[in-house]
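A.B. asks: Heads up: the sequence shown runs through residues -12 to 461, numbered per my numbering.
Note that beta-carbon positions come from the ideal geometry of N, C-alpha and C, so glycine has one too.
After the structure tokens below, expect a handful of questions from me.
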Amino acid sequence: MSRVRKIAKNTTMLFISQIITYIMGFFITMYSARYLGAEGFGIISLALAITGILVVFTDLGLGTLTVREVARDKSLVDKYTSNVAVIKLMLALFTFILTAVIVYLFGYTDEIKVVVYIITGSTLINALSGIFYPIFQSYEKMEFQSIANVLNSSIMLIGTFFVIFNNLGIYSFATLYMVSNIVVFIFIVSVYIREFQFPSFNIDLGFWKPTLMMALPLSLVSIFSLIAYRVDTILLSLLKGSTVVGWYSASYRLMEVFLFLPGVFATAVFPVFSSLHLSSHETLKLSYQKSFKYLAILSIPVSVGTTVLAPEIVLLIYKSAFTPSIIILQILIWAIPITFLNYIFGTILPAMNRQNVLLKVTFLSMIINIALNLVLIPTYSYVGAAVVTVVTELFIFILCLFILSRTFSKVRLQDVFFKPVVASIIMLLFLLYFKTNLFLEIALGALIYFVVLFAIRTFQDDDWDILRQIMGRK
-12 MSRVRKIAKN TTMLFISQII TYIMGFFITM YSARYLGAEG FGIISLALAI
38 TGILVVFTDL GLGTLTVREV ARDKSLVDKY TSNVAVIKLM LALFTFILTA
88 VIVYLFGYTD EIKVVVYIIT GSTLINALSG IFYPIFQSYE KMEFQSIANV
138 LNSSIMLIGT FFVIFNNLGI YSFATLYMVS NIVVFIFIVS VYIREFQFPS
188 FNIDLGFWKP TLMMALPLSL VSIFSLIAYR VDTILLSLLK GSTVVGWYSA
238 SYRLMEVFLF LPGVFATAVF PVFSSLHLSS HETLKLSYQK SFKYLAILSI
288 PVSVGTTVLA PEIVLLIYKS AFTPSIIILQ ILIWAIPITF LNYIFGTILP
338 AMNRQNVLLK VTFLSMIINI ALNLVLIPTY SYVGAAVVTV VTELFIFILC
388 LFILSRTFSK VRLQDVFFKP VVASIIMLLF LLYFKTNLFL EIALGALIYF
438 VVLFAIRTFQ DDDWDILRQI MGRK
């Protein structure tokens, strides 16, 4: 199977699973937000934000490092699996203790503390599943991760309806995360044993230090990125309260839905980029440039369309109690095109063993993000937090593009953006003047966008060559 077809196969599997997952996630978010209200939903979102930052200490870049090294040398699979498993168990215990200390120091209510502890426990179980995901990824067998994603969401959806039907409280919602992650962990372990046999536990303490040192830049990148992404929620909770967190998180959840597209793409191409770095720099450059084109095409209409349709989307999903979420969504959604392209940088730099560059960029972006949030949130509340998110993503994009243009390959941004922007403007005019059912507006807007793209010859001969390879016709 060619590289292009492998990428297509894995991207398709992950894409389908993520579509199913996000459809179910849509109903989970909608019904849980309506049932819990802005304050209760804010507490759950706050707990997810806190654990979302601290969970990085359960991995410390070991997952990404495992993918890269095993993709290059399959004989390392048992060595990485057994040693990383022990390291992660120790890190999980450390993370739980750290979470308890931080929550105590922040002085949160007992209710918030209990929810944070439950969700932290579920996150640690999910981190243990992360011992095996990198092996599947390095062997380019993404179907198992895809099934796990769907299984997790299915349990969460069924559990959400069960909790609401039985009129249970916020602790029950938090427990759903624990139950779903336990089931997924059992599934992942059973699949791994069937596909690769149980790893031979050859613990090599001499392997730990150099491995952790290699993973350190990757772990710091994750830490800095997660702080930059989640600190706004924590600051809003401390300065403005749980209700504001609920409004902000409701819009953030909708914005995050679209991030599965670059996430799936990055997961599929990372092992390929890693091997191309050793075998073919020209092919790597071509893949890098094409990635810009395709992700720009997918992301720009999302921002344009969501800005226009935000009032209808928010009121349909969350009802009038979340009206402040409309303006938040209209701002946050403009982080989408920038974030899509930033995924390319976050994939290709580690693949080229240049994670130190990514580390410096994410550290600077974290500092900027925290500083701007501290300045803007006290005065502008959730609007300030949303603006800071977009500005932070833009800073990362400009800096990474500048570095890679000088040292690796230049990308002509006018060629990347011009035609998708033209098609998006035409779609925008349609959405402004054609008002009917929301779902019909979305479907017709997407149709018009892609018809215009084809009409102005956005796709060249090499794009069709890639498509033919994906379809197995070349």
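Examine the Cβ distances between the region 162 to 182 and the region 126 to 146 and report whether three or more of them are shorter than 8 Å.
C.D. replies: With a cut-off of 8 Å, the region 126 to 146 and the region 162 to 182 count as touching, because enough Cβ pairs lie within range.
A.B. asks: Excluding the 5 residues preceding and the 5 following Thr162 in the sequence, name in chain order all residues of the same chain whose CB lies nearer than 7 Å to its CB.
C.D. replies: Along the sequence shown, read from residue 1 onward, the residue named residue 162 stands at position 175. Cβ within range, chain order: Ile105.
A.B. asks: Spatial neighbours of Ile331 within its chain, please: C-beta separation below 6 Å, excluding the five flanking residues on both sides.
C.D. replies: As a first step, residue 331 is located in the sequence shown; it is residue number 344 there, counting from the start. Once the five neighbours on either side are set aside, the close Cβ partners of Ile331 are Ser278.
A.B. asks: Tell me where the alpha helix (DSSP H) around Arg240 begins and ends.
C.D. replies: Locating residue 240 in the sequence shown gives position 253, where the first residue counts as 1. Here the alpha helix (DSSP H) through Arg240 covers 229 to 244.
A.B. asks: Are the beta-carbon atoms of Ala297 and Ile313 separated by less than 8 Å?
C.D. replies: By one-based count along the sequence shown, residue 297 stands at place 310. By one-based count along the sequence shown, residue 313 stands at place 326. Result yes, Cβ atoms of Ala297 and Ile313 sit closer than 8 Å.
A.B. asks: Helix, strand or coil for Gln276? Go by DSSP, reduced to three states.
C.D. replies: On the sequence shown, residue 276 is found 289 positions in, with the first residue counted as 1. Gln276 falls in the helix class under three-state DSSP.
A.B. asks: For the alpha helix (DSSP H) containing Asn168, list its first residue and its last residue.
C.D. replies: In the sequence shown, the residue the question calls residue 168 occupies position 181. Run containing Asn168: 157 to 183, per the alpha helix (DSSP H) assignment.
A.B. asks: I need the straight-line Cα distance from Pro288 to Phe404, nearest angstrom please.
C.D. replies: Within the sequence shown, residue 288 is the residue found at index 301, counting from 1. Within the sequence shown, residue 404 is the residue found at index 417, counting from 1. The alpha-carbon atoms of Pro288 and Phe404 are separated by roughly 11 Å.
A.B. asks: Counting C-beta neighbours from all protein chains within 10 Å, is the total for Asn113 16 or more, i.e. buried, or is it exposed?
C.D. replies: Working through the sequence shown from its first residue, we reach residue 113 at position 126. It is buried - the Cβ of Asn113 has at least 16 other Cβ atoms within 10 Å.
A.B. asks: Under a three-way DSSP split, which group does Arg460 fall into?
C.D. replies: For the purposes of this step, residue 460 is taken as the residue at position 473 of the sequence shown. Confidence in Arg460 is poor, its pLDDT being 43 and thus under 50, which makes the residue's placement too unreliable to answer from.
A.B. asks: Compute the beta-carbon to beta-carbon distance between Thr107 and Ala215, rounded to the nearest angstrom, for a pair I have assumed lies under 8 Å.
C.D. replies: On the sequence shown, residue 107 is found 120 positions in, with the first residue counted as 1. On the sequence shown, residue 215 is found 228 positions in, with the first residue counted as 1. With a Cβ gap of about 21 Å, Thr107 and Ala215 do not count as contacting.
A.B. asks: Pick from Val73, Met143, Ala410: whose alpha carbon is nearest that of Ser290?
C.D. replies: The residue you call residue 290 lines up with position 303 of the sequence shown. With distances taken between Cα atoms, Ser290 lies closest to Ala410.
A.B. asks: Can you give me the C-alpha to C-alpha distance between Lys397 and Cys387, rounded to a whole angstrom?
C.D. replies: In the sequence shown, residue 397 corresponds to position 410, counting from 1. In the sequence shown, residue 387 corresponds to position 400, counting from 1. So the alpha carbons of these two residues sit roughly 11 Å apart.
A.B. asks: Which stretch, first to last residue, makes up the alpha helix (DSSP H) that contains Met414?
C.D. replies: Walking along the sequence shown from the start, residue 414 turns up at place 427. Here the alpha helix (DSSP H) through Met414 covers 400 to 420.
A.B. asks: Quick one: measure Cβ to Cβ for Ile383 and Val348, integer angstroms, because I've assumed they're closer than 8 Å.
C.D. replies: Here residue 383 corresponds to residue number 396 of the sequence shown, with the count starting at 1. Here residue 348 corresponds to residue number 361 of the sequence shown, with the count starting at 1. The pair is a contact, with the Cβ atoms about 6 Å apart (cut-off 8 Å).
A.B. asks: For Gln5, name the three-state secondary structure that DSSP assigns.
C.D. replies: Numbered from 1 along the sequence shown, position 18 holds the residue referred to as residue 5. Note: Gln5 maps to helix in three-state DSSP.
A.B. asks: According to the Cβ coordinates, are Ile304 and Met11 closer than 8 Å?
C.D. replies: Here residue 304 refers to the residue found at position 317 when the sequence shown is read from its first residue. Here residue 11 refers to the residue found at position 24 when the sequence shown is read from its first residue. Their beta carbons are not under 8 Å apart, which means Ile304 does not touch Met11 by this criterion.
A.B. asks: DSSP on Arg444, reduced to helix/strand/coil?
C.D. replies: As a position in the sequence shown, residue 444 is number 457, starting the count at 1. In the structure shown, Arg444 sits in coil (DSSP, three-state: anything other than H, G, I, E or B).
A.B. asks: Whole angstroms is fine: what's the gap from Met458's alpha carbon to Thr334's?
C.D. replies: Position 471 of the sequence shown, counted from the start, is the residue given in the question as residue 458. Position 347 of the sequence shown, counted from the start, is the residue given in the question as residue 334. Its pLDDT being 41, under 50, Met458 is placed unreliably by the model, and the measurement read from it follows with that caveat. Those two C-alpha atoms are separated by around 25 Å.
A.B. asks: Going by DSSP in three states, Tyr95 sits in which element: helix, strand or coil?
C.D. replies: On the sequence shown, position 108 is the one that residue 95 refers to. It is coil, neither helix nor strand.
A.B. asks: Using the Cα positions of Ile413 and Gln401, report the straight-line distance between them to the nearest angstrom.
C.D. replies: Sequence index remark: in the sequence shown, residue 413 carries index 426 (1-based). Sequence index remark: in the sequence shown, residue 401 carries index 414 (1-based). Going by the C-alpha atoms only, they are around 18 Å apart.
A.B. asks: If you draw a straight line from the alpha carbon of Thr366 to that of Val42, how long is it in whole angstroms?
C.D. replies: Sequence index remark: in the sequence shown, residue 366 carries index 379 (1-based). Sequence index remark: in the sequence shown, residue 42 carries index 55 (1-based). Using only the alpha carbons, I get a separation of about 30 Å.
A.B. asks: Let me confirm a value: Gly156 is counted as buried when at least 16 other C-beta atoms fall within 10 Å, else exposed. Which label applies?
C.D. replies: Locating residue 156 in the sequence shown gives position 169, where the first residue counts as 1. So Gly156 counts as exposed.
A.B. asks: For the alpha helix (DSSP H) containing Lys347, list its first residue and its last residue.
C.D. replies: Working through the sequence shown from its first residue, we reach residue 347 at position 360. Run containing Lys347: 342 to 394, per the alpha helix (DSSP H) assignment.
A.B. asks: Tell me where the alpha helix (DSSP H) around Gly333 begins and ends.
C.D. replies: Indexing the sequence shown from 1 puts residue 333 at position 346. Gly333 -> alpha helix (DSSP H) spans 323 to 338.
A.B. asks: Would you call Lys66 buried or exposed, if buried means 16 or more other Cβ atoms sit within 10 Å of its Cβ?
C.D. replies: Within the sequence shown, residue 66 is the residue found at index 79, counting from 1. It is buried - the Cβ of Lys66 has at least 16 other Cβ atoms within 10 Å.
A.B. asks: In the structure shown, what three-state DSSP assignment does Asp219 receive?
C.D. replies: Numbered from its first residue, the sequence shown carries residue 219 at position 232. In the structure shown, Asp219 sits in a helix (DSSP, three-state: H, G or I).
A.B. asks: How about Val178 and Ile142: are their beta carbons less than 8 Å apart?
C.D. replies: Translated into positions along the sequence shown, residue 178 becomes position 191. Translated into positions along the sequence shown, residue 142 becomes position 155. For Val178 and Ile142, no; Cβs fall outside 8 Å.
A.B. asks: I'd like the span of the alpha helix (DSSP H) that includes Val150, first residue to last.
C.D. replies: Along the sequence shown, one-based indexing puts residue 150 at 163. Where Val150 is concerned, the enclosing alpha helix (DSSP H) stretches over 130 to 152.
A.B. asks: Alpha carbons only, please: which of Pro121, Val256, Met353 is nearest the one belonging to Val377?
C.D. replies: Counting from one through the sequence shown, the residue named residue 377 turns up at place 390. With distances taken between Cα atoms, Val377 lies closest to Met353.
A.B. asks: Assign Gly117 to one of three DSSP states: helix, strand, or coil.
C.D. replies: Locating residue 117 in the sequence shown gives position 130, where the first residue counts as 1. Gly117 falls in the coil class under three-state DSSP.
A.B. asks: Assuming Gly39 contacts Ser236 (C-beta within less than 8 Å), just tell me the rounded distance between them.
C.D. replies: Sequence index remark: in the sequence shown, residue 39 carries index 52 (1-based). Sequence index remark: in the sequence shown, residue 236 carries index 249 (1-based). Not quite, the Cβ-Cβ distance comes to about 11 Å (not below 8 Å), so this is no contact.
A.B. asks: Nearest to Leu285 by CA position, among Thr293, Leu248, Thr294, Ile300, is which residue?
C.D. replies: On the sequence shown, position 298 is the one that residue 285 refers to. For the residues Thr293, Leu248, Thr294, Ile300, the minimum Cα distance to Leu285 belongs to Leu248.
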